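Note sheet for the following structure.
In full-length UniProt numbering, the protein residues as written are 1 to 308.
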């Protein structure tokens, strides 16, 4: 039985063969493919070697397919259409998209970023289904397994190479206290104050940044969500240390005041993180672009950084 290694077959040879088998005429096939007739003749000679068959034979004034060529024509046409579909990338239409995407983000990240982007996304992609979750403990594993498509958080400094990230905005860290509470304006007062914290998210970053200055907060209350923490701080003497963007959003919800952190630490950078396999996935890329370039995000950036 004759066989040929696929690695030794040029795809262009199969394209020429498909045209010749369809037209049964070398001249017409050459015109369709914008090739010279000698080039087509050479390709057919090579195809006869590959398939170990004459493929076309003359019968009077016409060329007819051999039984083997008739089989090849059917299978080859299907194969080339499949290849063409693989190479063809449809333009993404957000208005028609029913894509389902999962974003893993802390409550604070949602307030700081997604809150301003959501109206635009809803208007442009009304049928897109997005699940926002803050319950995934291992976000990077979720990206690997496909349980999450995007993370909004402070990206790890040693992010594995399989992931990509894009910074959204840089933010100063501030103190958030109830409107009737005396805020800590000195480092000594900050150390002595009773603190609240939000488990995970930017609070881990704040803890590390403060530790570089030898500062440890006296954390008495811990919460799993930022909104809950902010509501409790508003009615107590607790101090919550958060990025300015979150603090600013919370003052719209509760009677709170914002004051500078009495020690200078590095700013928080909120980033998007995703797995490299989805870097060019149309729906994923579109949503990332909306999050990063939407006009409301850019306007928010100026407000956020003003809190430094």
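Backbone N, C-alpha and C fix where the C-beta goes; we use that ideal spot for every residue, glycine too. Keep in mind the model is a prediction, meaning the values are calculated, not measured.
For residue i, name the three-state secondary structure that DSSP assigns.
i: residue 167; result: strand
i: residue 12; result: helix
i: residue 251; result: coil
i: residue 298; result: Here residue 298 scores only 43 on pLDDT, less than 50, and its place in the model is too uncertain to base an answer on.
i: residue 161; result: coil
i: residue 87; result: helix
i: residue 275; result: strand
i: residue 126; result: coil
i: residue 241; result: strand
i: residue 260; result: strand
i: residue 78; result: helix
i: residue 131; result: strand
i: residue 199; result: coil
i: residue 223; result: strand
i: residue 71; result: helix
Using C-beta distances below 6 Å, list every residue in its chain close to residue i, excluding the 5 sequence neighbours before and after it, in chain order.
i: residue 143; result: 275
i: residue 195; result: 217, 218, 219 and 239
i: residue 254; result: 230, 231 and 234
i: residue 140; result: none
i: residue 186; result: 262
i: residue 300; result: Here the model assigns residue 300 a pLDDT of 45, short of 50, so the residue's position is not dependable, and the following value carries that caveat. Here the set comprises 116.
Tell me the residue span of the alpha helix (DSSP H) that contains residue i.
i: residue 104; result: Element bounds for residue 104: not the alpha helix (DSSP H) but the beta strand (DSSP E), 100-105.
i: residue 365; result: This structure cannot settle anything about residue 365, because the visible part of the chain is limited to 1 through 308.
i: residue 189; result: 187-192
i: residue 139; result: 139-145
i: residue 29; result: 26-33
i: residue 291; result: 282-293
i: residue 232; result: 226-234
i: residue 202; result: 202-211
Going by C-alpha to C-alpha distance, which of the options sits closest to residue i?
i: residue 241; options: 123, 18, 253 and 204; result: 204
i: residue 113; options: 261, 221 and 154; result: 154
i: residue 183; options: 35, 58 and 237; result: 237
i: residue 244; options: 169, 283 and 119; result: 169
i: residue 104; options: 82, 197 and 138; result: 138
i: residue 263; options: 226, 191 and 272; result: 191
i: residue 225; options: 250, 282, 98 and 106; result: 106
i: residue 249; options: 53, 58, 108 and 39; result: 108
i: residue 157; options: 41, 167 and 12; result: 167
i: residue 189; options: 211, 199, 40 and 215; result: 215
i: residue 221; options: 150, 193 and 270; result: 193
CB-CB under 8 Å to residue i, same chain, minus the five flanking residues each way: which ones, in chain order?
i: residue 96; result: 127
i: residue 32; result: 19 and 23
i: residue 76; result: 14, 17, 18 and 21
i: residue 159; result: 165 and 273
i: residue 12; result: 43
i: residue 56; result: 20, 21, 24, 44, 63, 64, 65, 66 and 69
i: residue 101; result: 128, 129, 130, 131, 149, 150, 283, 284 and 287
Here's a check: name, in chain order, each residue in its chain whose Cβ is nearer than 7 Å to the Cβ of residue i, leaving out the five neighbours to either side.
i: residue 164; result: 274, 276 and 279
i: residue 209; result: 265 and 266
i: residue 9; result: 50
i: residue 228; result: none
i: residue 206; result: 173 and 241
i: residue 92; result: 282, 283 and 286
Just reading off the beta strand (DSSP E) that residue i is part of, what are its end residues?
i: residue 153; result: 150-154
i: residue 92; result: Here residue 92 belongs to no beta strand (DSSP E), and DSSP marks it neither H nor E.
i: residue 110; result: Careful: residue 110 lies outside any beta strand (DSSP E) and carries neither H nor E.
i: residue 57; result: 56-59
i: residue 214; result: Per DSSP, residue 214 belongs to no beta strand (DSSP E) and is neither H nor E.
i: residue 330; result: No statement about residue 330 is possible, as the shown extent of the chain runs from 1 to 308 and does not include it.
i: residue 177; result: 173-178
Comparing the CB of residue i with every heavy atom of the ligand COA, is any distance shorter than 7 Å?
i: residue 287; result: As presented, the structure is devoid of all ligands, the ligand COA included, so that no description of it is given.
Between residue i and chain D, is the shortest Cβ-Cβ distance under 8 Å, so that the two count as touching?
i: residue 21; result: Although the question refers to chain D, the structure presented lacks it and comprises just one protein chain.
Contact the region 178-186 vs the region 272-291: 3+ CB pairs below 8 Å: no
query: Counting Cβ pairs closer than 8 Å, one from the region 54-67 and one from the region 23-39, do we hit at least three?
result: yes
Three-pair Cβ contact test at 8 Å for the region 258-273 versus the region 114-133: no
message: For the structure I just gave you, are there three or more beta carbon pairs, one from the region 47-55 and one from the region 75-89, closer than 8 Å?
response: no
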